[in-house]
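Here this note's numbering runs 371 ahead of the position in the first sequence, where the first position is 1. Glycine is no exception: its CB is placed at the ideal position from the N, C-alpha and C atoms. Notes to accompany the following structure.
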Amino acid sequence: MRDWNADVYEIVQRIPRGAVATYGQIAALVSSPRAARGVGMALRHLPEGSSVPWHRVISSTGAISIENFDHPAEEQANLLMAEGITVHRGEKGYSVDLTRYLWQPASIDKGVSL
DNA sequence: AAGGTGACTAACA
DNA sequence: ATGTTAGCCACCT
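Below is the structure:
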């Protein structure tokens with residue numbers, strides 16, 4: 372058992388390029404499906420030089436939650452589009468089609484190495 | 001040490 | 001369909 376946040380980072384790094392995962396999904400893989408807030412906290416305190424693809428983590432509704440933090444939602448949307456993901460823009464913010472891009476973490480069992 | 005907040009989610013009214 | 005309440009986990013004051 373490692374540090375909770377470290378576990379979060381490890382799982383986030385397993386998200387393949389071109390796919391996205393929800394906070395609740397990551398939380399479920401770490402410990403509890405209700406720990407989504409902890410996941411958000413972990414990513415918020417994520418070291419700047421880390422190779423964790425934090426931009427691939429979005430809310431369960433497919434929308435980008437952040438607006439005015441270290442990294443604006445616009446930056447996250449830009450990164451996702453760079454991965455080949457279609458990001459829809461709206462007045463409320465940015466959104467992603469989860470039915471198309473949601474990550475299927477079944478690969479973890481097989482020890483995927485991407 | 002204790003209470004409040006937050007990059008969340010699901011259920012209830 | 002929108003608005004509010006409750007639950008979980010970690011961080012901050």
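Spatially closest choice to Ser402 from Ser466, Asn376, Glu438, Ala477, by CA coordinates: Asn376
Short Cβ contact (7 Å threshold) for Trp474 with Ala407: no
Delimiting residues of the beta strand (DSSP E) encompassing Val467: 465-467
Burial state of Tyr465, where buried means 16 or more other Cβ atoms lie within 10 Å: buried
Contact check, His426 vs Gln447, beta carbons under 7 Å: yes
Buried or exposed (CB count within 10 angstroms, at least 16 for buried), Ala453: exposed
For Ser436, the nearest candidate out of Pro418, Ser421, Lys463, Ile456 (CA to CA): Lys463
Nearest residue (CA-CA) to Pro424, options Ala392, Asp441, Glu438: Ala392
Option nearest Tyr394 by Cα separation, candidates Arg388, Asn449, Gly433, Asp374: Gly433
Three-way DSSP call (helix, strand, coil) for Thr470 in this model: helix
Within 7 Å, strictly: CB atoms of Ile386 and Leu400: no
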